Amino acid sequence: MKSSMNLFSALSLALLATACTTDAKKSVDTAPSSAVKSAEIAKVSDTGDAATAVQLSSISARVTAIDLATRTVTLVGPEGKELVVEAGEKVRNLDQVQVGDKVTVDYYEGLLAQINAPGAPSNEVSMMDAAVRAAKGERPGGGVASSVTATVTIMFIDNLRHVVQIKGPTGHTTVLQVKRPEFREMLRNLKVGDTVNLTYFEAVAVSVRPASN
4 MKSSMNLFSA LSLALLATAC TTDAKKSVDT APSSAVKSAE IAKVSDTGDA
54 ATAVQLSSIS ARVTAIDLAT RTVTLVGPEG KELVVEAGEK VRNLDQVQVG
104 DKVTVDYYEG LLAQINAPGA PSNEVSMMDA AVRAAKGERP GGGVASSVTA
154 TVTIMFIDNL RHVVQIKGPT GHTTVLQVKR PEFREMLRNL KVGDTVNLTY
204 FEAVAVSVRP ASN
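Numbering (our numbering), first residue to last: 4 to 216.
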């Protein structure tokens, strides 16, 4: 189970900020940028009390190993970089994938931030799983998405430097320098003592298609 510490580290992956007091650890060992196609969607609500940033990356790679017991698939990208994908239990028909298959892996990383109304209760760190499943008998075209949500308290804000200190439900604090303009806009609506729901989510979707060459 992911903790609030993992959530803070995930902020960097969601392109929100660079953490000053935690080590950011990437959940997916991505291939070099020349082998990865990425697209981003980011926006802030009309009232400025919520912001989101999502990045979708896609890479075509060849399957070099499959472990059905651990549900892990080892891939090698076009530049020789290895990537290990873990397929969740709700990804069906993993046995349809064979060594030598060329697959396309799409993985999502993103962050949703929502300012709580005054007096709203704080939430414990929670985790949700959701799946987009392939029809029975088809090649796997679905993925498992997991998200971690925690309510954090604003301890300090510097809008000139775009710096904020937050405290999680376990009492851990971290200082973030906000990079994304959408979250900077939201930051202007915050004050010390406010609580914010942060949801970090990631997904890996595996689709198998005939090799292009």
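The C-beta atom is built at its ideal place from N, Cα and C for all residues, glycine as well. Predicted, not measured: the structure shown is a model, and the values here were computed from it.
Beta-carbon separation (whole angstroms), residue i vs residue j, contact threshold 8 Å
i: R65; j: K105; result: 5 Å
i: D98; j: L71; result: 6 Å
i: V88; j: V100; result: The pair is not a contact, with the Cβ atoms about 10 Å apart (cut-off 8 Å).
Neighbourhood of residue i by C-beta distance below 8 Å, restricted to the same chain and skipping five residues each side
i: E185; result: A45, K46, V47, A54, T55 and A56
i: E188; result: V47, G51 and A54
i: G196; result: T156 and I157
i: S36; result: Note that S36 scores a pLDDT of 46, beneath 50, so its modelled location is shaky and nothing firm can be said.
i: L193; result: I118, I157, I160, V167 and V199
i: G83; result: none
Three-state secondary structure assigned by DSSP to residue i
i: D98; result: helix
i: L190; result: helix
i: T25; result: Unreliable placement is indicated for T25, whose pLDDT of 36 sits below 50; the coordinate value is still reported in the next sentence. The answer is coil: DSSP assigns T25 none of H, G, I, E or B.
i: E85; result: strand
i: S30; result: Confidence is the limiting factor: at S30 the pLDDT is only 37, short of 50, which leaves the residue's position unreliable, though a coordinate-based value still follows. Three-state DSSP puts S30 in coil, outside helix and strand.
Bridge partners - residue i, DSSP secondary structure assignment
i: V166; result: D161 and Q180
i: T202; result: L115 and T152
i: V79; result: R65 and E85
Own chain residues within Cβ distance below 6 Å of residue i, not counting five before or after
i: E43; result: Q58
i: F159; result: Q168
i: V199; result: A116, I118 and V155
i: S63; result: T107
i: E85; result: V79
7 Å Cβ shell around residue i - same chain, five flanking residues per side excluded
i: V102; result: V66, T67, A68 and I69
i: N162; result: L190 and R191
C-beta neighbour in chain C for residue i, strict 7 Å
i: G80; result: Checking the listed chains, one finds no chain C in this structure; it contains a single protein chain.
Uninterrupted beta strand (DSSP E) stretches inside the region 41-77 (no shorter than 3 residues): Taken in chain order, the complete beta strand (DSSP E) segments of 3 residues or longer contained in the region 41-77 are 53-70.
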